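**Q** First the structure, which I've put down as C-alpha cells, then a few questions once you've had a look.
2 protein chains.
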Amino acid sequence: MRTATIPSSMTRTPRATLRRVATAAAALLVSAAALAQSPTASPRVAVDADGTVHMPAQTVPVSDFLSPEAKAYLAEHLVNVQKPEMLVQENGVPPLLAGYLQRQRELFAVDRKDTTIGGVHAYVYTPKGGVDAKNRNRVLIDLHGGGFSNCWPGCTELESLPIAALGRIEVVGLDYRQGPKFRHPAASEDVAAAYRELLKTYRAESIGIYGCSAGGMLTAMSVAWFQQHDLPRPGAIGILCAGAASVGGSAFGGDASFTAMPLGESRVVAPGAPVGMDYFAGTDPKDPLVAPASSPAVLAKFPPTLIVTATRGFELSNAIYTHTALVKQHVDAELHVWEGLFHGFFYNPDVPESRDCFDVIVRFFDDHLGK
Amino acid sequence: MRTATIPSSMTRTPRATLRRVATAAAALLVSAAALAQSPTASPRVAVDADGTVHMPAQTVPVSDFLSPEAKAYLAEHLVNVQKPEMLVQENGVPPLLAGYLQRQRELFAVDRKDTTIGGVHAYVYTPKGGVDAKNRNRVLIDLHGGGFSNCWPGCTELESLPIAALGRIEVVGLDYRQGPKFRHPAASEDVAAAYRELLKTYRAESIGIYGCSAGGMLTAMSVAWFQQHDLPRPGAIGILCAGAASVGGSAFGGDASFTAMPLGESRVVAPGAPVGMDYFAGTDPKDPLVAPASSPAVLAKFPPTLIVTATRGFELSNAIYTHTALVKQHVDAELHVWEGLFHGFFYNPDVPESRDCFDVIVRFFDDHLGK
C-alpha cells in the first residue's frame, strides 16, 4: 500500500524550464513511440493545404471498449446491413430489426391501444405493471425512425416498449404522415395536432417528446413548429440518433459521413451525395422548421434536451454539433455518446449498452418533466 | 405563413400497415438514394465475420460544421503536425503552440507568481482584473498536458490563462514530476501534496481540478489517489482531451485510434502499437490509480465531472467511454464533444469553438464548486 507521505525529493527547487524534446510526435500528446508512423506497418497520410485529408485504407476491429455482447451485435449488424433482403419491410418491420422487436416484446410488458389523437393515428403504450405514481400526470410522445418514409409500426414499438415498461410511463407512438406520399410540414402538423389534443389533459411541462433517426429530427422540428404556432414548449425532449442541423452534405454531414458510415453501416457514400429524403423535397435546408439548429434564436427557446448518439452513428457529427449549438444558447442540453456503436443501436435490448441508454432516457425525462 | 389548422385529410383511418419497402439502405435510416453505394464513385466496404471492417481509402474534407476560422486552424494544424521541427520544444513551448500562446498572452491578462505549494513547484495565475467576488474562496488546479514527459510551462499557460482571465478565478498550474526521469505515482503524489496544502486554505468542495491530455488523465488518477489516501474529493473536475479508461491499444483506444488519428493528427498508428509513455512503465493498466474507469466503485465516488473532447481527438473513444461509465454510476458527468476538431484544439484562442469551450469550462466550475 502506497502512502500519502511526500518524499523529501519533492521539496525541490524549480526545475530548469529550458528543455528540448526532439520527437516526431505532437509535442503535447503522447510519446513518439506511439505516434511515430511505422514505415513498414502504417501508410502515410497526405494532407492538402485546405486541410483535406487523404486517409489511407485501414483494417478496423470492433472497439475494445464494447461489452462482449455489443461486439457480437456490431458484427451481426455490419454483416446484415449488407444484405438487401434484411431491409424489405414486412408489416412495417424490417427483418434486420424483427428479432430485436421479438425480444423487446418478451422483455417489456405493455398494453397497446390503437387510437387517434387529435385526428392522428397512434398507438398508446401503457406498462402492464401500471404507470408509476409520479408519472400519472406525465406522458411521452415517441416519433419513430424510418427516414420519413417507413418503419411504422416497427420502429415505434422498438422505441416505445422499453421506455414505457422501464420508465413506467405512458408513451404515445404517433403514426405521423411521411414521404413519399406526403411532404414537409405534414409530419410537423401531425405532431402539433396530437400535442394540442394532449394539452387538454396534460400540462406542457409534463409532456416529453423523443424519437430516433427521422423521429429525432422531427422532435426538434416540432419544437420549432410549436414556437411558430403559439404552442407552449414541452417539458423536455430527446433527439436520439439524430441532430437538428441542416443536412446538406453526405448522410447527416460532418466527419461522421466518412468515419461512421463505413464503420457503422458497411458502406461509403460519395462526398456531397444528397441525403435524398423525398419528404423534404422543395424545402430550404436552412429553414428552422426543417433544421432548427440553423437559428440560434429558435434553439435558445428549446426545453431541456437529451441528445443520444454513437461513434459509428452516421448522425454523430450532426448530433454533437446540435448539442454544442444548444449549449451555446445556454439551453440545458445533455449529450450521451456510445463508443463503438451505430445508428439506432439501442433497438436491440440484449446488450448492456442498450440498457444503459434506456436508463439515461428514462432518468432524463424523470428529472426534467413536471410532476 | 403556414397555419396550425389541421387539414381534414388528417382525420383519417389508420393506414394499412402492410408495406414493403425494397431498398438497399438500412431500413430505419435515410432513403436509398443517400445510402446506396455508387458503383462508380464509392469503393466497397468489406466486413469480416468478427465485425472487422476493411475501410477503403477516403478523401475527407474539413467538417462542414466548423466555423471558417476553425477550418483554417484545422488545415494549419494538420500540415504543421507533419513537421518534426514544429515539435522541438524551446523553454517548454513547442513551435506548434508558440503562436497560440502568444495570442493568449495578448488576450488574457493575468499575474503569474512562481512558487511552491506543498513542496511542488507551481505557477499561480490571478486575473489582472481581480478575482470575482464569488470566487474568493475557490481555486482551480490545472494539470498540464505533455504526455507525462514535457510541455511545462507551455501547456500550463495555454490551459490556465483563459480560464483564470475569463473565469476571474485563481488557477494553480502545477509542475508535477514527469517521465522519463520519474515514474507513476510521482505525479499523483505531487498533486496530492499540493492539494493537501490548498486544503489548509480552501474547502475541498471549493477546489476544482482540470487538465488536458496527460493532465486530464492525471486529474482522474488524482481523484482515485485521493480516495485511497483519505483525502476528501474536490468539488468538481474537468477531464479534458483525455479519458480515465485503460490505455491498452493504439493511442487512447477504441474507434478514435483509427478515425481521429489520421483526421486529427495526419498519421496512422499500427493497430496494437503501445502508447509507450515511459511514465507508466511497469504499471498495471487496469490499476484504478492508473485508469480509474477500470473500477466502477472508484468512479462511483467521483465528484461532478466535465469531459471535453472532439471528433478528431484521438482520445475521443476513451473520453466518451469514461463519460458513459461515470453516468452508469449515476455521477453528475457532463460531456461536450466538438465536431471536426482535434486533441487540445482549444489551445488556440482565436476560433469561436475554443471560446465556446472556455465558456463551458468556466460555467461548469461556477455551477459545481462550493461558494
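These protein sequence lines are chains A and B, in that order.
This note's numbering runs 67 ahead of the 1-based position in the first sequence.
This note's numbering runs 67 ahead of the 1-based position in the second sequence.
Beta carbons: idealized from backbone N, C-alpha and C, even for Gly.
Computed from a predicted model, the values in this text were never measured in an experiment.
Please confirm if residue 300 of chain A has its CB atom under 8 Å from at least one CB of chain B.
**A** On the first sequence, position 233 is the one that residue 300 of chain A refers to. No, no contact with chain B.
**Q** What are the boundary residues of the alpha helix (DSSP H) that includes residue 305 of chain B?
**A** Within the second sequence, the letter at position 238 stands for residue 305 of chain B. Per DSSP, residue 305 of chain B belongs to no alpha helix (DSSP H); it is in the beta strand (DSSP E), 303-307.
**Q** For residue 185 of chain B and residue 290 of chain B, what's the separation of their Cα atoms in angstroms?
**A** Numbered from its first residue, the second sequence carries residue 185 of chain B at position 118. Numbered from its first residue, the second sequence carries residue 290 of chain B at position 223. Residue 185 of chain B and residue 290 of chain B: Cα-Cα distance of roughly 17 Å.
**Q** My parser needs the beta strand (DSSP E) runs of 3 or more residues fully inside the region 203-230 of chain A; what are they?
**A** Listed in chain order, the complete beta strand (DSSP E) runs (minimum 3 residues) inside the region 203-230 of chain A are 206-210.
**Q** Let me know the alpha helix (DSSP H) ranges lying completely inside the region 132-182 of chain A, each 4 residues or longer, listed in chain order.
**A** Qualifying alpha helix (DSSP H) stretches, in chain order: 135-147 and 162-174.
**Q** Can you tell me which residues form a DSSP beta bridge with residue 400 of chain A?
**A** Here the question's residue 400 of chain A lines up with position 333 in the first sequence. Paired residues: A:372.
**Q** Please list, in chain order, all residues of the same chain as residue 106 of chain B whose beta carbon is under 8 Å from its beta carbon, the five residues on each side excluded.
**A** The count along the second sequence starts at 1 and reaches residue 106 of chain B at position 39. For residue 106 of chain B, the predicted structure reports a pLDDT of 40, less than 50, and the residue's modelled location is therefore unreliable. A value from the coordinates is still provided. Result list for residue 106 of chain B: empty, nothing under 8 Å.
**Q** Quick check on residue 234 of chain B: buried or exposed, where buried means 16 or more other Cβ atoms within 10 Å of its Cβ?
**A** Here residue 234 of chain B corresponds to residue number 167 of the second sequence, with the count starting at 1. That one is buried.
**Q** In terms of alpha-carbon separation, which member of B:167, B:125, B:206 and B:215 lies closest to residue 346 of chain B?
**A** Residue mapping note: residue 346 of chain B aligns to position 279 of the second sequence, counting from 1. The candidate whose alpha carbon is nearest that of residue 346 of chain B is B:215.
**Q** Check whether the region 353-364 of chain B and the region 382-400 of chain B are in contact - that is, three or more C-beta pairs closer than 8 Å.
**A** Verdict: yes, contact present.
**Q** Does residue 432 of chain B come out as helix, strand or coil in the three-state DSSP assignment?
**A** For the purposes of this step, residue 432 of chain B is identified with residue 365 of the second sequence, where counting begins at 1. If DSSP states are grouped into helix, strand and coil, residue 432 of chain B belongs with the helices.
**Q** Taking the beta strand (DSSP E) that residue 122 of chain A falls in, what are its first and last residues?
**A** Position 55 of the first sequence, counted from the first residue, corresponds to residue 122 of chain A. Segment 120-122, the beta strand (DSSP E) holding residue 122 of chain A.
**Q** Where does residue 331 of chain A sit, in a helix, a strand or coil, going by DSSP?
**A** The sequence position of residue 331 of chain A within the first sequence is 264, counting from 1. Three-state result, residue 331 of chain A: helix.
**Q** The beta strand (DSSP E) that contains residue 188 of chain A, what's its start and end?
**A** Residue mapping note: residue 188 of chain A aligns to position 121 of the first sequence, counting from 1. Counting along the chain, the beta strand (DSSP E) containing residue 188 of chain A begins and ends at 187-194.
**Q** Given 8 Å as the limit, is there contact between the region 242-261 of chain A and the region 320-330 of chain A, that is, 3 or more CB pairs closer than that?
**A** Verdict: no, contact absent.
**Q** Can you check whether the CB of residue 309 of chain B is closer than 8 Å to the CB of residue 388 of chain B?
**A** Position 321 of the second sequence holds residue 388 of chain B. Position 242 of the second sequence holds residue 309 of chain B. Going by C-beta atoms, residue 388 of chain B is not nearer than 8 Å to residue 309 of chain B.
**Q** Starting from residue 122 of chain A, find everything on chain B with Cβ-Cβ shorter than 9 Å and list it in chain order.
**A** For the purposes of this step, residue 122 of chain A is identified with residue 55 of the first sequence, where counting begins at 1. What residue 122 of chain A touches in chain B: 122, 124, 125, 126, 127, 326, 329, 330 and 335.
**Q** Return helix, strand or coil for residue 245 of chain A, following the three-state DSSP convention.
**A** Sequence index remark: in the first sequence, residue 245 of chain A carries index 178 (1-based). Note: residue 245 of chain A maps to coil in three-state DSSP.
**Q** Measure the alpha-carbon distance for residue 97 of chain B versus residue 248 of chain B and round it to whole angstroms.
**A** The residue given as residue 97 of chain B occupies position 30 in the second sequence. The residue given as residue 248 of chain B occupies position 181 in the second sequence. Reliability fails at residue 97 of chain B, whose pLDDT of 42 lies under 50, so the model's placement of it is uncertain and the value that follows must be treated cautiously. For residue 97 of chain B and residue 248 of chain B, the distance between alpha carbons rounds to 54 Å.
**Q** Can a CB atom of chain A be found closer than 8 Å to the CB of residue 388 of chain B?
**A** The sequence position of residue 388 of chain B within the second sequence is 321, counting from 1. It does: the Cβ of residue 388 of chain B has a partner Cβ on chain A nearer than 8 Å.
**Q** So with CB distances below 7 Å, who are the chain A contacts of residue 320 of chain B?
**A** Residue numbering aside, residue 320 of chain B sits at position 253 when the second sequence is read from its first letter. Simply 131 and 132.
**Q** Do residue 304 of chain A and residue 277 of chain A count as a contact pair if the criterion is CB distance below 8 Å?
**A** Indexing the first sequence from 1 puts residue 277 of chain A at position 210. Indexing the first sequence from 1 puts residue 304 of chain A at position 237. Contact flag set, yes.
**Q** So which residues of chain B does residue 169 of chain A contact, with C-beta pairs closer than 8 Å?
**A** For this step, residue 169 of chain A is matched to residue 102 along the first sequence. Result: empty, since nearest Cβ-Cβ is about 16 Å, beyond 8 Å.
**Q** Please confirm if residue 291 of chain B has its CB atom under 8 Å from at least one CB of chain A.
**A** Counting from one through the second sequence, the residue named residue 291 of chain B turns up at place 224. No, residue 291 of chain B does not count as interfacial toward chain A.
**Q** Closest to residue 183 of chain B by CA distance: which of B:193, B:155, B:264 and B:220 is it?
**A** Counted from its first residue, the second sequence places residue 183 of chain B at position 116. It is B:264.
**Q** Going by DSSP, name the residue or residues bridged to residue 425 of chain B.
**A** Indexing the second sequence from 1 puts residue 425 of chain B at position 358. Beta-bridge pairing links residue 425 of chain B to no other residue.
**Q** Is the region 124-141 of chain B touching the region 403-416 of chain B, taking contact as three or more C-beta pairs under 8 Å?
**A** Short answer: they touch.
**Q** How big is the Cα-Cα spacing for residue 156 of chain B and residue 239 of chain B?
**A** Within the second sequence, numbered from 1, the residue matching residue 156 of chain B stands at position 89. Within the second sequence, numbered from 1, the residue matching residue 239 of chain B stands at position 172. Residue 156 of chain B and residue 239 of chain B: Cα-Cα distance of roughly 22 Å.
**Q** Any C-beta of chain B sitting closer than 8 Å to the C-beta of residue 117 of chain A?
**A** Here residue 117 of chain A is taken as the residue at index 50 of the first sequence, counted from 1. It does: the Cβ of residue 117 of chain A has a partner Cβ on chain B nearer than 8 Å.
**Q** Run down chain A in chain order and give the residues with a C-beta less than 9 Å from the C-beta of residue 441 of chain B.
**A** Residue 441 of chain B is absent from the model: chain B starts at 68 and stops at 438.
**Q** Using the C-alpha atoms, what's the distance from residue 241 of chain B back to residue 232 of chain B?
**A** In the second sequence, the residue the question calls residue 232 of chain B occupies position 165. In the second sequence, the residue the question calls residue 241 of chain B occupies position 174. Their Cα atoms are separated by approximately 18 Å.
**Q** What in chain A is Cβ-close to residue 228 of chain B, meaning under 9 Å?
**A** Translated into the one-based positions of the second sequence, residue 228 of chain B becomes position 161. In chain order: nothing, as chain A lies at least about 15 Å away.
**Q** Would you grab the beta carbon distance between residue 429 of chain B and residue 230 of chain B for me? Rounded to a whole angstrom, and I think it's under 8 Å.
**A** To locate residue 429 of chain B, count along the second sequence from 1; it is residue 362. To locate residue 230 of chain B, count along the second sequence from 1; it is residue 163. Indeed they touch by this definition, with Cβ atoms about 6 Å apart.
**Q** Residues in the region 397-417 of chain B with C-beta within 8 Å of chain A's C-beta atoms, listed in sequence order?
**A** Cβ contacts with chain A: 401, 402, 403, 404, 405, 406, 407, 410, 411 and 414.
**Q** Report the neighbours of residue 312 of chain B on chain A: residues whose CB is nearer than 9 Å to its CB, in chain order.
**A** In the second sequence, counting from the first residue as 1, residue 312 of chain B sits at position 245. Those within 9 Å of residue 312 of chain B in chain A are 132.
**Q** Roughly how many angstroms lie between the CA atoms of residue 251 of chain A and residue 200 of chain A, to the nearest whole one?
**A** Taking the first residue of the first sequence as position 1, residue 251 of chain A is located at position 184. Taking the first residue of the first sequence as position 1, residue 200 of chain A is located at position 133. The alpha-carbon atoms of residue 251 of chain A and residue 200 of chain A are separated by roughly 38 Å.
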